Each structure stands twice: as structure tokens, then as C-alpha cells.
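Enquirer: Please find one structure pasted underneath; my questions will follow.
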Amino acid sequence: MKLNLGMVTHNRFYDMAEKRDGVWKLFRRQSIYDMGSFTFPLGVVDIDQSAVAKYPREYAALAYLLEKSGFPVTRVFATRGSALEQQMKTEGQRWLSEPVV
Numbered sequence: 450m451k452l453n454l455g456m457v458t459h460n461r462f463y464d465m466a467e468k469r470d471g472v473w474k475l476f477r478r479q480s481i482y483d484m485g486s487f488t489f490p491l492g493v494v495d496i497d498q499s500a501v502a503k504y505p506r507e508y509a510a511l512a513y514l515l516e517k518s519g520f521p522v523t524r525v526f527a528t529r530g531s532a533l534e535q536q537m538k539t540e541g542q543r544w545l546s547e548p549v550v
């Protein structure tokens, strides 16, 4: 399906890394979405407002394009200042405070 529509999304990765056998590796990567918007490379097109409204503003444009392209977004992701972001950071702090084995 050609939508003639683009989007820009800004997010941060919240990574957990550890050193095993002398090598640093990421063992967990999570994303926190900060903001997103539509772009109109070929001019303004109609957008289904009810479909956009199903998602948090921070990643609504991305979710809309995914959904319209046949890839439904079925879970909620962390956004700036959300309870999910706070939970992520709390778990990260707990992990950092664990004794090194």
C-alpha cells in the first residue's frame, strides 16, 4: 500500500551491558519514545485520526504507519515521563546495585 506519508520519531535506548570473559555486550535494550510526527514528502494526505488516537502521541505516527503497512502495534511502549520509563529505570538501578559475582 502506498501511503505517500513519512514520519520522524525520536527515542532513547535504555541499555544494560555487562562484561563477560573480558568482552562487553548488551544483554538488554529497551526504547523510550520522546516525540514523533508525520512528514508529507509528496504533499498533505488524509490521516485517519481515530487510528492515530489509539497510540501515545510520542510514537503515534510510527504506529500508524506500521499499522497501515500491515504490521499492527499490539503493545504499549515506554514514553517520556511514563510509568513504563520509571519502571525501566527502577529495574536498571536494582540491577546495578546487585553484587558482582
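Our numbering runs 449 ahead of the 1-based position in the sequence shown.
Note that CB positions come from ideal geometry on N, CA and C, so glycine has one too.
None of the values given here were measured: they were computed from a predicted structure.
#1: Using three-state DSSP, classify A466 as helix, strand or coil.
#2: So is L511 buried or exposed if we call it buried at 16+ other beta carbons inside 10 Å?
#3: I'd like to check one pair, S486 with A527: are the Cβ atoms closer than 8 Å?
#4: Run through DSSP, which three-state label would A527 get?
#5: So the beta strand (DSSP E) K474 belongs to, where does it begin and stop?
#6: Leaving out the 5 sequence neighbours to the left and right, which residues in its chain are closer than 6 Å to Y504 when beta-carbon positions are compared?
#7: DSSP state of G455, grouped into three classes?
Expert: Reading off the structure:
#1: It is a strand residue.
#2: Here L511 is buried: its Cβ has 16 or more other Cβ atoms, across all protein chains shown, within 10 Å.
#3: The answer is no: Cβ separation not under 8 Å.
#4: DSSP, reduced to helix, strand and coil, places A527 within a strand of the structure shown.
#5: Per DSSP, K474 belongs to the beta strand (DSSP E) from 472-488.
#6: The beta carbon of Y504 lies closer than 6 Å to those of A512 in the same chain, with the five residues before and after it left out.
#7: Assigned with DSSP and collapsed to three states, G455 falls in strand.
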